[in-house]
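Here is the structure we will look at, set down as structure tokens.
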Amino acid sequence: QKEVEQNSGPLSVPEGAIASLNCTYSDRGSQSFFWYRQYSGKSPELIMSIYSNGDKEDGRFTAQLNKASQYVSLLIRDSQPSDSATYLCAVEPNFGNEKLTFGTGTRLTIIP
Amino acid sequence: DAMVIQNPRYQVTQFGKPVTLSCSQTLNHNVMYWYQQKSSQAPKLLFHYYDKDFNNEADTPDNFQSRRPNTSFCFLDIRSPGLGDAAMYLCATSRGTGSYEQYFGPGTRLTVT
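Keeping their order, the protein sequence lines are chains A and B.
Counting in our numbering, the first sequence runs from -7 upward without gaps.
Counting in our numbering, the second sequence runs from 194 upward without gaps.
Here is the structure:
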């Protein structure tokens, strides 16, 4: 069983709509959760971190965490063509581990 | 700006010819990581340093070694590259105490001929 699972996509969303990306994880003791954006041929770029249940908003991005259901999601409002990328979910498996487990990513395409 | 720097950005080496990739950081972070990423795959952790403490992943081949001579620099040595080692190599850093956000360098694309 994969430790961090994401739908590989591609997920196609019209420009201006909300893109919703989901991630589930297997380790119930996980404490820290991150979303990275990776453009083709580039390195991952941290866009959101979330540690507590609920929503965390940063500009057009909202991360949502539900530890009871073991999922974390990323919403992108007013999607722009520049949001087209692969989005990686990363989870710190247990507190103080200092390592992250990455999902394989969801490829998002924003259609103008 | 504080950042993570990797050199070279592109490296071509011959089958079996040793290669060294370098990473430096101005963030003064305690932890430095090396990942291997192949197309459409998740980054795969090879090893990491917490200060001078080296932590090797169990499935990292012996062909891969690392050095961290000081806080700012970390090197990845591939002793005898095979065709299967062609990948993007990513260096990342994190503060490592209380916050495990990892920040990546631009990566080195390794081609093995």
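All C-beta atoms, glycine included, are put in the ideal place defined by N, C-alpha and C.
As the structure is a computational prediction, the values presented were derived from the model and not from experiment.
- Contact annotation: the region 249 to 265 of chain B touches the region 211 to 226 of chain B, with at least three C-beta pairs closer than 8 Å.
- Taking a C-beta cut-off of 7 Å against chain B, the contacting residues of the region 16 to 31 of chain A are S24, F26, listed in chain order.
- Closest by C-alpha distance to D50/A, out of S76/A, L57/A, I39/A, is I39/A.
- DSSP, reduced to helix, strand and coil, places D47/A within a strand of the structure shown.
- Excluding residues up to 5 positions away in sequence, T206, F208, P274, G275, L276, D278, A279 lie with their Cβ nearer than 7 Å to the Cβ of V305/B in the same chain.
- Note on geometry: alpha-carbon atoms of P85/A and N200/B lie some 30 Å from one another.
- Under the 8 Å criterion on CB atoms, Q204/B is classed as non-interfacial with respect to chain A.
- From the beta-carbon of Q295/B, the residues of chain A found nearer than 8 Å are F26, L38, A82, L92.
- N58/A is bridged by DSSP to Y63/A.
- Interface annotation, S74/A: not in contact with chain B, CB-CB separation never under 8 Å.
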